[in-house]
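Asker: Got a structure here, written out as structure tokens. Questions coming.
Protein chains: 2
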Amino acid sequence: MRLIMARCEVAYTGRLSTFLPMGVRLLMIKADGSVQIHSDGGGSKVKPQNWMTPPTVIDIEGDPPHRIEVRKRKGSERLEITIDEVLADVSHDADVESALEKDGVERDLQELLAARPAQCGEGFRLVRREWPTDIGPVDLMCREPGDGWVAVEIKRLGTIEAVEQLARYLERIRLDPATADCRGVLAAQVIKPQARVLAQSRGIACVEVSLEELRGSREPDLQLFSA
Amino acid sequence: MRLIMARCEVAYTGRLSTFLPMGVRLLMIKADGSVQIHSDGGGSKVKPQNWMTPPTVIDIEGDPPHRIEVRKRKGSERLEITIDEVLADVSHDADVESALEKDGVERDLQELLAARPAQCGEGFRLVRREWPTDIGPVDLMCREPGDGWVAVEIKRLGTIEAVEQLARYLERIRLDPATADCRGVLAAQVIKPQARVLAQSRGIACVEVSLEELRGSREPDLQLFSA
DNA sequence: ATATACATCTCGAGA
DNA sequence: TCTCGAGGTGTATAT
Numbered sequence: 386m387r388l389i390m391a392r393c394e395v396a397y398t399g400r401l402s403t404f405l406p407m408g409v410r411l412l413m414i415k416a417d418g419s420v421q422i423h424s425d426g427g428g429s430k431v432k433p434q435n436w437m438t439p440p441t442v443i444d445i446e447g448d449p450p451h452r453i454e455v456r457k458r459k460g461s462e463r464l465e466i467t468i469d470e471v472l473a474d475v476s477h478d479a480d481v482e483s484a485l486e487k488d489g490v491e492r493d494l495q496e497l498l499a500a501r502p503a504q505c506g507e508g509f510r511l512v513r514r515e516w517p518t519d520i521g522p523v524d525l526m527c528r529e530p531g532d533g534w535v536a537v538e539i540k541r542l543g544t545i546e547a548v549e550q551l552a553r554y555l556e557r558i559r560l561d562p563a564t565a566d567c568r569g570v571l572a573a574q575v576i577k578p579q580a581r582v583l584a585q586s587r588g589i590a591c592v593e594v595s596l597e598e599l600r601g602s603r604e605p606d607l608q609l610f611s612a
Numbered sequence: 386m387r388l389i390m391a392r393c394e395v396a397y398t399g400r401l402s403t404f405l406p407m408g409v410r411l412l413m414i415k416a417d418g419s420v421q422i423h424s425d426g427g428g429s430k431v432k433p434q435n436w437m438t439p440p441t442v443i444d445i446e447g448d449p450p451h452r453i454e455v456r457k458r459k460g461s462e463r464l465e466i467t468i469d470e471v472l473a474d475v476s477h478d479a480d481v482e483s484a485l486e487k488d489g490v491e492r493d494l495q496e497l498l499a500a501r502p503a504q505c506g507e508g509f510r511l512v513r514r515e516w517p518t519d520i521g522p523v524d525l526m527c528r529e530p531g532d533g534w535v536a537v538e539i540k541r542l543g544t545i546e547a548v549e550q551l552a553r554y555l556e557r558i559r560l561d562p563a564t565a566d567c568r569g570v571l572a573a574q575v576i577k578p579q580a581r582v583l584a585q586s587r588g589i590a591c592v593e594v595s596l597e598e599l600r601g602s603r604e605p606d607l608q609l610f611s612a
């Protein structure tokens, strides 16, 4: 990783055109060929003001560098950095291996709910995860106590988009006479008020579920024995 | 801006939980209180492996630092950095003023199409930009040669979501008898194949528009005189 | 402060 | 290679 603190101006042309006037910024060039330009807050906070994702071709002219050109290996994007003054220029070997371990993403929620389908609705029994439709898989397909079908869409955050997505699935599922009666349930850790309203008008039920409670709860089968 | 190259491990708890095992990484602490941790490619390229957006409270323990704790000023997010070895630690004053000038974002596209509505469809005349509905404004409302209404949704990239959004607007617009016959047109620089298919089934027309051609074309009025 | 929509979104999985 | 969907999305704007 090469870090250059420099007074520079930056022009990007590609998906759109941008220009960043002369000023002091950090140029970060990673081993994978990605490049990013950071100011000290101001406009951008965590996002770089300019960047290019790999694969790239990087052309550094001069030592100390006075011009850096970054091009995408495929496509016509170009980042042109004109350097007035280099204040610092260091290289370090940083870690490239260890992966970030995540816990609590949508996948985890889906696994927990697949093991405890009754948390999505009274008496729900899981028929299958990732139930296929011709526009993609529904997260959970269950049956209610009366044997009616229920499609469950799982999200961390329940939005209007999630409701629309489930509505699209339901359209397809109901085309099959075998599942023509299928209901829809949106299960999420948090459900936005507007999503709730739209779900209501689309006849879709909403359930908020807590990761902690799911983790704490025993499996339904075990609860039977412990009761 | 403070840049620390360090062998460290990072634990984040908040919206979810993550853990990053010991390894050499760049810690970037900006003047605005934002913090980001970059590896040298690998998993993340342009995105930091961990980060926190301002406003934050940053607690740096030791000199050289052996532990850094970052907390959100509001909420319960926490980033805990345990440092084994500091390889470099420098501070610089980077630019915080100058704004990035952009050209070619959706706003620009909307302005150009508002001035040249016929690019969205033969003989379209603009009635108004940002036509209000009770769920948000439609980008352009036009009339066709036969005086029928057309709602135009403008995107840089035409996706399924864009089609659904326009479909929601059309639902509302058609509730008003005055505009019950309203058609829909999705105008974008690029339209995804799946979006095209969904648009077809929703009775929504698709138009791909080029920023360059829009810029190059004269206004319809001027073309009349030049012809 | 909250809600909404854009983004050079980025990034990974799957076909 | 392309397409689709998730993201600790981030970020700005309007309410």
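Chain order of the listed sequences is A and X.
Adding 385 to a residue's 1-based position in the first sequence gives its number in the working numbering.
Adding 385 to a residue's 1-based position in the second sequence gives its number in the working numbering.
Ideal Cβ positions, reconstructed from N, Cα and C, are used throughout, including at glycine.
#1: 8 Å is my cut-off, CB to CB: does T467/A come that close to chain X?
#2: Mind listing the chain A neighbours of D417/X? Cutoff is C-beta to C-beta under 7 Å, in chain order.
#3: Run the CB neighbour count on L411/A, radius 10 Å, all protein chains shown included, and call it buried at 16 or more, exposed below.
#4: So which of G399/A, K487/A and A416/A has the shortest CA-CA distance to F404/X?
#5: So if I threshold CB-CB distances at 8 Å, which residues from the segment 476 to 490 of chain A count as touching chain X?
#6: Which same chain residues, not among the five before or five after V442/A, have their C-beta less than 7 Å away from its C-beta?
#7: Counting only runs that start and end within the segment 524 to 561 of chain A, where is the alpha helix (DSSP H) found for 4 or more residues in a row?
#8: For G601/A, which of helix, strand or coil comes out of DSSP?
#9: Do P440/X and Q421/X have their C-beta atoms closer together than 8 Å?
#10: Hey, is V409/A's beta-carbon within less than 8 Å of any beta-carbon in chain X?
#11: Starting from the C-beta of L472/A, find all residues in its chain whose C-beta is less than 8 Å away, skip the five residues before and the five after it, and write them out in chain order.
#12: Which word fits Q574/A, buried or exposed, when buried means at least 16 other C-beta atoms lie within 10 angstroms of its C-beta?
#13: My understanding is that L498/X touches A572/X, with C-beta atoms under 8 Å, so please give their C-beta distance in whole angstroms.
#14: So what does V442/X bridge to, in DSSP terms?
#15: CB C505/A to CB V582/A, shorter than 8 Å?
#16: For P406/A, which of helix, strand or coil comes out of DSSP?
#17: Hey, how far is the Cα of L551/A from the Cα of D474/X?
#18: Is there a C-beta anywhere in chain X that falls below 8 Å from the one on S595/A?
#19: Where does P578/A fall in DSSP's three states?
#20: Compare the Cα-Cα distances from S429/X to each of L485/A, K540/A and R400/A and report the closest residue.
#21: Quick one, are the C-beta atoms of P652/A and S476/X less than 8 Å apart?
#22: Using the Cβ count rule (16 or more neighbours within 10 Å means buried), how would you classify R501/A?
#23: Can you list, in chain order, the residues of its chain with a C-beta nearer than 6 Å to that of P450/X? Leave out the 5 residues immediately preceding and following it.
#24: Looking at the secondary structure, which residues open and close the beta strand (DSSP E) in which Q421/X lies?
#25: Out of L525/X, R600/X, T544/X and I545/X, which has the shortest C-alpha to C-alpha gap to R568/X?
#26: I need the straight-line Cα distance from R463/A to Q579/X, nearest angstrom please.
Answerer: Taking the geometry as given:
#1: Cβ-Cβ to chain X under 8 Å: no for T467/A.
#2: G426 and K430
#3: Label assigned to L411/A: buried.
#4: K487/A
#5: Of all residues in the segment 476 to 490 of chain A, the ones placed with a Cβ closer than 8 Å to any Cβ belonging to chain X are H477, D478, A479, D480, V481, E482, S483, A484, L485, E486, K487, D488, G489 and V490, in chain order.
#6: R456 and R458
#7: Within the segment 524 to 561 of chain A, the complete alpha helix (DSSP H) runs of at least 4 residues are 545 to 560.
#8: helix
#9: no
#10: yes
#11: Hits under 8 Å: M390, A391, R392 and V409.
#12: buried
#13: 6 Å
#14: Residue pairing from DSSP places V442/X in a beta bridge opposite R456/X.
#15: no
#16: In the three-state DSSP reduction, P406/A falls in the strand class (E or B).
#17: 50 Å
#18: Taking 8 Å as the CB threshold, S595/A stays off the interface with chain X.
#19: helix
#20: L485/A
#21: Examination of residue 652/A is not possible in this model, given that chain A is present from 386 through 612 alone.
#22: buried
#23: I468
#24: Boundaries of the beta strand (DSSP E) around Q421/X: V420 to H423.
#25: L525/X
#26: 29 Å
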